[in-house]
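In my numbering, the protein residues as written are 62 to 714.
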């Protein structure tokens, strides 16, 4: 539990950043040798530093403690599976023995609990051979590049990176913001723009509980662009505060609303009939009529109660009913809505070119994440009648918008280094990405190295209460036949084998996938069978995908340096498609959602996106690194002239 929400672990996992003391000391030969040795030791953890950062660390007081501090935040698996000498122990076992062990284990927990008025904390486990694990597996994956972060910026930089995105923060980013916002100056909080409105909500709740009343009032009026934002924040805090405000808090929120103009309040009170009802409840919650001191603002609220305000959505519906030719330009006042309504408008008979013209006119106001999400969807649903037209229009709109982006690629010679990723098999997930977060976002296709013959799907979980977590592998063989490995399916088939199903906390489970056997694709799934309603509620649920070579009974089952990706699960889900393995293509994709849509076959893939971006930015694509001014990569690379798509959030800001 401690590591799950450890701030330094969060920085490492979400941004691949490590904090150091930036007090500069003289560079000595001895310290340079120490720093180089330290970097060699980091390789055993799966990380490395750039040459520049090695020198930086050699002049830092953090030199002597840096390795131990990184090692202390590398997650570990603190329990053994049911069969500790996995996988050979299971593969040698006959099915009758395996099933008998599982039945006795289930009876020792669920069976006894159903028969007796007692709570079972731990079930029976078979007494089997348990060889001491003393050997490390080979290094199978390329080391991940770490970026040093000066300690004076350890809160401000991650905070800004998290809240300034034009898309929803992940659960991990929200946790980073929770740590950071109480440590950075109030001025920074007030000046940092928050373009995606849902990101205001969690931040406002934290500030509501940590800042003094006047500071909170000033900060809220700075970070909210209009009264619509303020009303959403009040509604969110009201719910989190168990639908109760003190008198001083009610006055405070009324005063914040009245810092904006009456016209602004009137516009945002009646966006739709549904929002009207919600806003009336918010105004009742803060006793607006009792604490308002502005007659014009009170009149706006009076109009709302008397149903004298017409909603924007209502006006749109009225125009569309009579096929008003001005409807497209009216909806264009809110470019994001026009983008989302495009398919509907085309089905109603509105001209594609008029919609395109309106979108082009508002292109600078359009959200890049929304454009990308819609393009990805229609690029993967070509069977829909309007798909081709929408894809064509939005590709042109995105290209024009990309021309105005400020990126390091402008008019440069660019070499695209796919590295360990397959761009043509990846998509850029924005609003649809996994809430789990992590440096490797969902939708990116990782190349499995040729020397890797086996993948290991693992989970470790622990909680004060008994919790039952299960791993599953839904698979297809090369002939297209489906099969399932898990507690209610096979325990060993076509090179996929499970370590056994454990029903209590402080336990581990593994599923191995032998890529040399008759298997074409695998969906790696995890779910909660019993104990908690969501992964977020479990104190510790650590899951990941790992490359494996050695299978000796004395070889350690878990090795962090060989993890493709791993997570402490913290989303509201109770079931998740964690990863997708295309064995024939040797690709691994992090899913992290309750289902994997058919978007991974979208023609709007990462390669198309990057090609479009480079063209729009006037970049010249070159075929070798030596010619390049910029090396464009997916993740962090060691070259000084490398630009990472992940670190720049794919330039969607």
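We treat Cβ as the ideally placed atom computed from N, Cα and C, and that holds for glycine.
Proximity to residue i [Cα-Cα], best of the options
| i | options | result |
| --- | --- | --- |
| residue 626 | 509, 542, 369 | 509 |
| residue 138 | 687, 423, 628, 272 | 628 |
| residue 473 | 169, 693, 97, 78 | 693 |
| residue 559 | 535, 613, 112 | 535 |
| residue 552 | 384, 533, 583, 192 | 533 |
| residue 413 | 381, 397, 447, 83 | 447 |
| residue 478 | 254, 691, 252, 284 | 691 |
| residue 736 | 513, 515, 489, 512 | This structure cannot speak to residue 736, because the chain is shown only from 62 to 714. |
| residue 618 | 111, 148, 652, 431 | 148 |
| residue 709 | 574, 223, 568, 354 | 223 |
| residue 602 | 500, 565, 69 | 565 |
| residue 7 | 164, 195, 285, 81 | A question about residue 7 goes unanswered here, because the residues of the chain that appear run from 62 up to 714. |
| residue 637 | 662, 653, 622 | 653 |
| residue 235 | 68, 88, 204, 646 | 68 |
| residue 189 | 162, 213, 176, 204 | 162 |
| residue 150 | 646, 103, 92, 612 | 612 |
| residue 662 | 687, 700, 505, 685 | 505 |
| residue 284 | 318, 303, 300 | 318 |
C-beta contact flag for residue i and residue j at 9 Å
| i | j | result |
| --- | --- | --- |
| residue 609 | residue 517 | yes |
| residue 606 | residue 585 | yes |
| residue 407 | residue 416 | yes |
| residue 379 | residue 327 | no |
| residue 620 | residue 197 | yes |
| residue 336 | residue 372 | yes |
| residue 421 | residue 457 | yes |
| residue 254 | residue 282 | no |
| residue 592 | residue 524 | yes |
Extent of the continuous beta strand (DSSP E) run through residue i
| i | result |
| --- | --- |
| residue 211 | 205 to 211 |
| residue 321 | First-last for residue 321: undefined, no H or E at that position. |
| residue 90 | Here residue 90 belongs to no beta strand (DSSP E); instead the alpha helix (DSSP H) covers 90 to 104. |
| residue 707 | Unbroken run through residue 707: none, as it is neither H nor E. |
| residue 694 | 691 to 694 |
| residue 653 | 648 to 654 |
| residue 544 | 543 to 546 |
| residue 506 | 506 to 508 |
Limits of the alpha helix (DSSP H) - the one that residue i falls within
| i | result |
| --- | --- |
| residue 295 | 288 to 301 |
| residue 415 | 413 to 422 |
| residue 574 | Here residue 574 belongs to no alpha helix (DSSP H); instead the beta strand (DSSP E) covers 568 to 575. |
| residue 462 | 448 to 463 |
| residue 132 | 127 to 132 |
| residue 379 | 373 to 382 |
| residue 426 | Segment: none, residue 426 is in no alpha helix (DSSP H) and carries neither H nor E. |
| residue 255 | Careful: residue 255 lies outside any alpha helix (DSSP H) and carries neither H nor E. |
| residue 270 | 259 to 271 |
For residue i, the three-state DSSP class (helix, strand or coil)
| i | result |
| --- | --- |
| residue 365 | helix |
| residue 601 | strand |
| residue 398 | helix |
| residue 675 | helix |
| residue 558 | strand |
| residue 75 | helix |
| residue 171 | helix |
| residue 330 | helix |
| residue 179 | coil |
| residue 701 | coil |
| residue 405 | helix |
| residue 185 | coil |
| residue 114 | helix |
| residue 237 | helix |
| residue 478 | strand |
| residue 636 | strand |
| residue 227 | coil |
| residue 522 | strand |
| residue 660 | Annotation note: pLDDT 48 at residue 660 (below 50); position unreliable, no value reported. |
| residue 62 | Residue placement at residue 62 is flagged as unreliable, the pLDDT there being 47, under the threshold of 50; the coordinate-derived value follows with that caveat. Coil at residue 62, not helix or strand. |
| residue 352 | helix |
| residue 532 | strand |
| residue 486 | helix |
| residue 589 | strand |
| residue 144 | coil |
One or two residues paired with residue i in a DSSP bridge
| i | result |
| --- | --- |
| residue 609 | 515 |
| residue 582 | 537, 643 |
| residue 628 | 604 |
| residue 196 | 616 |
| residue 83 | Answer by DSSP bridge pairing: none, since residue 83 is not bridged. |
| residue 138 | Looking at the DSSP assignment, residue 138 forms no beta bridge with any residue, so it has no partner. |
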